[in-house]
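For reference, the structure discussed in these notes is given below.
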Amino acid sequence: MTDWFHKMGRSFCPERSGFVASSFLFCVLCAGVIFFLMPAVAAEEHSSGPLVLELSLEGVVDPILATYIDEGLADAAGRHAALV
Numbered sequence: 000m001t002d003w004f005h006k007m008g009r010s011f012c013p014e015r016s017g018f019v020a021s022s023f024l025f026c027v028l029c030a031g032v033i034f035f036l037m038p039a040v041a042a043e044e045h046s047s048g049p050l051v052l053e054l055s056l057e058g059v060v061d062p063i064l065a066t067y068i069d070e071g072l073a074d075a076a077g078r079h080a081a082l083v
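Using numbering that gives the first Met the number 0, the first residue of the sequence shown is number 0, and each one after it goes up by one.
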């Protein structure tokens, strides 16, 4: 009977099952966080109306602000915005 007990003891290890349970719980929590963050991103991308992007400009257009405008227009083109 002791041989059978030792064989069963090797196949079931409480420390290992606790690690597996902890890992599973961690994965479920991560999946939940991703699941709840996805609708916020998707809602912006798939709105029913036309997309309008706003670029805020103040003051003189210097090279840094010109880069901001160029990148904003490229982003609008990539997202198929109806108006910038």
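From the three backbone atoms N, C-alpha and C, an ideal C-beta is built for every residue, glycine too. The structure presented is a predicted model; accordingly, all values stated were derived computationally and were not measured.
- As the crow flies, the alpha-carbon of phenylalanine 25 is around 11 Å from that of valine 32.
- If you check the CB distance, aspartate 74 and leucine 56 do not come in under 9 Å.
- Going by beta carbons, glycine 77 and leucine 54 fall outside the 9 Å limit.
- Looking at the DSSP output, valine 51 shares a beta bridge with Leu82.
- Assigned with DSSP and collapsed to three states, valine 59 falls in coil, not helix or strand.
- Inter-residue distance for alanine 80 and alanine 30 is about 31 Å (C-alpha atoms, whole angstroms).
- Valine 59 is positioned such that its CB atom lies no closer than 9 Å to that of isoleucine 68.
- The beta carbons of proline 49 and leucine 28 sit no closer together than 9 Å.
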